[in-house]
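S.K.: Take a look at this one; I'll ask things after.
Here it is in structure tokens:
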């Protein structure tokens, strides 16, 4: 059974509790929004290659909260060095899930390197991730990584190359930042750390 | 007597409550990096490329923590596009950049980026503060951190190559 990206992301974000979610630009930003836009989502509209690093910064700043980065194969390939940086930092609370359709979905469905056999989970494992899997038929194991397993964790979820309707989050960057910080930090989001 | 500017920067980071320092190694930052690594109140994060620092800074601030990036001027060229996220989201950003391609440079391949570091940063809306002598470095860092976090702005302090004082490849290796 071929996995569908929106179903996979909805399943991953079901009953998400206190999970903090970063999404890479393009299809994964639309996927997390289709699953339900919320203040504790930070969907990126640019900075291609940096989703995993935003997740690392957040995971280091919030060691008691679980952090999930959902991004695409093209986005991850642009910032593969981040996997090495994360592997060295070893954040237990960070999971990176690549929704891998083996295509650049926003630019005309051109093939990415994963279509020619580049194995992102193997890269993550070689970069000292605690757990790294490729999921092709079931996302239960991915949920287990995201919600229960000490990381850093990585999963590549192979999905169909569907071209789906856009489900757009707010695109105002200051709003996305401010709503996330307020939802996470409460009133102290509006004062500097030393004034809290 | 010359001021110990790396130690002064380190004191500024501590006083400002910075908890995350992202860096790509540079000979000019060697001592400051060592001070940050030895400081248990700081998380020193080695990056594979300067671009990763921008994601790191954004994520840390989403989580409520202050950060600073250390890099060489060549590295500024590696993060141009992702500075767009800093601008549209108004993430606070502090970059402390050691300059190459200036007085005393021995490597011609360092010159093109060194000559254009300030221009590239300003083009991407990062305010540039030039620290031309050791006495002014800490003051510029103090101002940059204050402005970045009080006004949600992007700030870079460029430390001139004559402050770093490396003139030959051998000197750099021996440091």
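Protein chains in written order, with my numbering: chain E, 6 to 201; chain U, 1201 to 1375.
By construction, the Cβ of each residue, glycine as well, lies at the ideal position given by its N, Cα and C atoms.
Nothing here was measured: the structure is a model prediction, and the numbers come from that model.
Mind checking residue 68 of chain E: buried by the 16 CB within 10 Å criterion, or exposed?
M.R.: Mapped onto the first chain, residue 68 of chain E falls at position 63. Exposed: under 16 other Cβ atoms inside 10 Å.
S.K.: Unbroken beta strand (DSSP E) runs of length 3 or more, entirely within the stretch 45-70 of chain E: which are they?
M.R.: Whole beta strand (DSSP E) segments, 3+ residues: 46-48.
S.K.: I'd like to confirm the pairing. Which residues does DSSP put opposite residue 158 of chain E in its beta bridges?
M.R.: Taking the first residue of the first chain as position 1, residue 158 of chain E is located at position 153. Partner(s): E/100 and E/136.
S.K.: Give the C-beta separation of residue 81 of chain E and residue 103 of chain E to the nearest angstrom, bearing in mind that I take them to be a contact with Cβ-Cβ under 8 Å.
M.R.: Counted from its first residue, the first chain places residue 81 of chain E at position 76. Counted from its first residue, the first chain places residue 103 of chain E at position 98. Going by Cβ atoms, the distance from residue 81 of chain E to residue 103 of chain E rounds to 5 Å, so yes, they are a contact pair.
S.K.: If I'm right that residue 1280 of chain U touches residue 1320 of chain U with Cβ under 8 Å, what's the distance once you round it to whole angstroms?
M.R.: Your numbering for residue 1280 of chain U matches position 80 in the second chain. Your numbering for residue 1320 of chain U matches position 120 in the second chain. Yes, residue 1280 of chain U and residue 1320 of chain U are in contact; Cβ-Cβ is about 6 Å, under 8 Å.
S.K.: I believe residue 72 of chain E touches residue 25 of chain E by the beta-carbon criterion, under 8 Å. Please report the beta-carbon distance rounded to the nearest angstrom.
M.R.: Position 67 of the first chain, counting from 1, holds the residue named residue 72 of chain E. Position 20 of the first chain, counting from 1, holds the residue named residue 25 of chain E. Contact flag correct, Cβ pair sits at about 5 Å.
S.K.: In the DSSP assignment, find the unbroken beta strand (DSSP E) run with residue 182 of chain E in it and report its ends.
M.R.: Residue numbering aside, residue 182 of chain E sits at position 177 when the first chain is read from its first letter. Unbroken run through residue 182 of chain E is the alpha helix (DSSP H), 178-190; no beta strand (DSSP E).
S.K.: Measuring only between beta-carbons, confirm whether residue 1356 of chain U sits less than 9 Å from chain E.
M.R.: In the second chain, counting from the first residue as 1, residue 1356 of chain U sits at position 156. Residue 1356 of chain U does not count as touching chain E.
S.K.: Run through chain U and tell me which residues come within less than 7 Å of residue 58 of chain E, C-beta to C-beta.
M.R.: Residue 58 of chain E sits at position 53 when you count from the first residue of the first chain. Under the 7 Å cutoff, chain U gives 1252, 1255, 1256 and 1259.
S.K.: If you draw a straight line from the alpha carbon of residue 1337 of chain U to that of residue 170 of chain E, how long is it in whole angstroms?
M.R.: One-based indexing of the second chain puts residue 1337 of chain U at position 137. One-based indexing of the first chain puts residue 170 of chain E at position 165. Between residue 1337 of chain U and residue 170 of chain E, the C-alpha separation is close to 52 Å.
S.K.: Please confirm if residue 1353 of chain U has its CB atom under 9 Å from at least one CB of chain E.
M.R.: The residue given as residue 1353 of chain U occupies position 153 in the second chain. Judged by the 9 Å Cβ criterion, residue 1353 of chain U is not in contact with chain E.
S.K.: When Cβ atoms are compared, which residues of the stretch 138-172 of chain E fall closer than 7 Å to chain U?
M.R.: Answer set for the stretch 138-172 of chain E: empty.
S.K.: Report yes or no: do the stretch 109-122 of chain E and the stretch 1256-1273 of chain U share at least 3 C-beta pairs separated by less than 8 Å?
M.R.: At 8 Å Cβ cutoff, the stretches do not touch.
S.K.: Applying a beta-carbon distance threshold of less than 7 Å, which residues of chain U neighbour residue 94 of chain E?
M.R.: On the first chain, residue 94 of chain E is found 89 positions in, with the first residue counted as 1. Those are 1245, listed as they occur along chain U.
S.K.: Of all the residues that make up the stretch 1204-1229 of chain U, which are near chain E by a beta-carbon distance shorter than 7 Å?
M.R.: Residues 1217 and 1220.
S.K.: Would you decide whether residue 107 of chain E is buried or exposed? Buried here means 16 or more other CB atoms lie within 10 Å of its CB.
M.R.: In the first chain, the residue the question calls residue 107 of chain E occupies position 102. When all chains shown are included, residue 107 of chain E counts as buried.
S.K.: Quick one: does residue 119 of chain E have its CB under 9 Å from some CB of chain U?
M.R.: For the purposes of this step, residue 119 of chain E is taken as residue 114 along the first chain, with counting starting at 1. It does not: the Cβ of residue 119 of chain E has no partner Cβ on chain U nearer than 9 Å.
S.K.: Chain E beta carbons: is any one of them nearer than 9 Å to that of residue 1295 of chain U?
M.R.: The residue labelled residue 1295 of chain U in the question sits at position 95 within the second chain. Chain E, which has no Cβ nearer than 9 Å to the Cβ of residue 1295 of chain U, makes this no.
S.K.: Do residue 85 of chain E and residue 53 of chain E have their CB atoms nearer than 9 Å?
M.R.: Start at 1 with the first residue of the first chain, and residue 85 of chain E comes out as number 80. Start at 1 with the first residue of the first chain, and residue 53 of chain E comes out as number 48. It is not a contact, given that the beta carbons lie outside the stated cut-off.
S.K.: When DSSP builds the beta bridges, which residues end up paired with residue 1358 of chain U?
M.R.: Residue numbering aside, residue 1358 of chain U sits at position 158 when the second chain is read from its first letter. Residue 1358 of chain U is bridged to U/1297 and U/1330.
S.K.: Closer than 7 Å, Cβ to Cβ, to anything on chain U: give me those residues from the stretch 30-47 of chain E, in chain order.
M.R.: Under the 7 Å Cβ criterion, the stretch 30-47 of chain E contributes 47.
S.K.: Alpha carbon to alpha carbon, what distance is there between residue 1356 of chain U and residue 1292 of chain U?
M.R.: Position 92 of the second chain, counting from 1, holds the residue named residue 1292 of chain U. Position 156 of the second chain, counting from 1, holds the residue named residue 1356 of chain U. Residue 1292 of chain U and residue 1356 of chain U: Cα-Cα distance of roughly 11 Å.
S.K.: If we cut at 9 Å on Cβ distances, does residue 175 of chain E have a partner in chain U?
M.R.: As a position in the first chain, residue 175 of chain E is number 170, starting the count at 1. No, residue 175 of chain E does not count as interfacial toward chain U.
S.K.: Report yes if the CB atom of residue 1297 of chain U is closer than 9 Å to the CB atom of residue 1275 of chain U, and no otherwise.
M.R.: Here residue 1297 of chain U corresponds to residue number 97 of the second chain, with the count starting at 1. Here residue 1275 of chain U corresponds to residue number 75 of the second chain, with the count starting at 1. Closer than 9 Å, so yes.
S.K.: Taking only the alpha-carbon atoms, compute the straight-line gap between residue 159 of chain E and residue 149 of chain E and give it to the nearest angstrom.
M.R.: Numbered from its first residue, the first chain carries residue 159 of chain E at position 154. Numbered from its first residue, the first chain carries residue 149 of chain E at position 144. The alpha-carbon atoms of residue 159 of chain E and residue 149 of chain E are separated by roughly 11 Å.
S.K.: Looking only at its chain, what residues have a beta carbon closer than 6 Å to the beta carbon of residue 1286 of chain U, apart from the 5 residues adjacent to it on each side?
M.R.: Position 86 of the second chain, counted from the first residue, corresponds to residue 1286 of chain U. Excluding sequence neighbours, residue 1286 of chain U sits near 1293 and 1354.
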